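Data block below; observations after.
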Amino acid sequence: MSESLIIRPATPADRSAVTQLFRLSYPQLLPGCYKAQTLRDVLPHITTAQPALLDCGTYFLAQDGKGCVIGAGGWTDVSPARGVSKGGEGHIRHVATHPAHLRKGVARRVMEASLASARGFGVERMNCMSTLTAHRFYEAMGFVTLGEVELTLAPGVHFLAVQLAQQL
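Start counting the sequence shown at 1; every next residue gets the next number (the UniProt record's numbering).
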């Protein structure tokens, strides 16, 4: 499957396709690790494509041979917690794979493009806040788990995540 993928930078015109991907992926893949009430609170905050990511040049899409978006993800030098990073550090952002294309190399290809891009910009350390569902994937990509953290997505909306990092 991964040989027929096209990996390309996202653009603002991809907002609908990326939002659709998130709305298919997260509600299906997260329930095994999170309580129903947590997902009711959290999903509205993580299932809409962020315009700034789509326009940053370091957020990538995986498209199948028909042009359908089946994976997305990238990196920025701004943390998802909205803080400015130290020089030489980047942050993995909003990675998702269509549920019908899991374990076919889609996320791996998106991550390879993201990490190569980051290296090209001189990033030396990549940080990641993973869902409980996906942290083993990041470990398989060479990230080291630093511990669990509770993210605040909005007032009163908290989400348990796993913090990871990798030297590039």
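Just so it is clear, CB atoms sit at the ideal spot from N, CA and C, and this is done for glycine as well.
Here the structure is a predicted model, which means the values were calculated and not measured.
Report the residue from the options whose alpha carbon sits nearest the alpha carbon of residue i.
i	options	result
Q37	A96, F60 and F159	F159
E89	H101, R119 and V162	R119
H101	A165, Q63 and L54	Q63
E112	L54, A72, R136 and Q50	A72
P51	I70, G74 and R15	R15
A96	G87, R103, A107 and K86	A107
R103	G156, S79 and A140	A140
G122	I6, H94, G65 and G87	G87
V78	C128, R109 and R8	C128
H94	I6, S25 and A13	S25
I6	S114, G142 and G67	G67
L53	P44, A13 and P31	A13
V69	G142, A17 and A49	A17
Tell me, to the nearest whole angstrom, how far the beta carbon of residue i is from that of residue j; I am working on the premise that it is less than 8 Å.
i	j	result
T19	T47	7 Å
A165	V144	6 Å
L21	H98	6 Å
V42	L153	6 Å
F60	A116	The Cβ separation is near 10 Å, so there is no contact.
Q167	R125	6 Å
With DSSP as the reference, identify every bridge partner of residue i, one or two as the case may be.
i	result
C128	L164
L151	F159
V144	A165
P9	F60
E89	R125
G133	A small correction: the amino acid at residue 133 is Thr; Gly does not occupy that position in the sequence shown. Bridge partners of T133: none, in fact.
A96	A72
In chain order, what residues of the same chain lie with their CB nearer than 8 Å to the CB of residue i, ignoring the 5 residues before and after it?
i	result
C33	T131, L132 and T133
R23	T47
H91	W75, T76, D77, V78, S79, P80, S85, M126, N127, C128 and M129
R8	F60, L61 and Q63
Skipping 5 residues on each side, what residues in its chain have a beta carbon closer than 6 Å to that of residue i?
i	result
G65	S4
residue 217	Shown here, the chain extends from 1 to 168; a query on residue 217 therefore has no answer.
D55	P12
Which residues in the same chain have their Cβ closer than 7 Å to the Cβ of residue i, if we skip the five residues on either side of it in sequence?
i	result
G147	Q163
residue 170	The question about residue 170 has no answer here: the residues shown for the chain are numbered 1 through 168.
H45	L153, A154 and V157
Quick one: complete beta strand (DSSP E) runs, 3+ long, within the region 25–77? Under the rule that a run must span 3 or more residues, the beta strand (DSSP E) segments found entirely inside the region 25–77 read 59–63 and 69–76.
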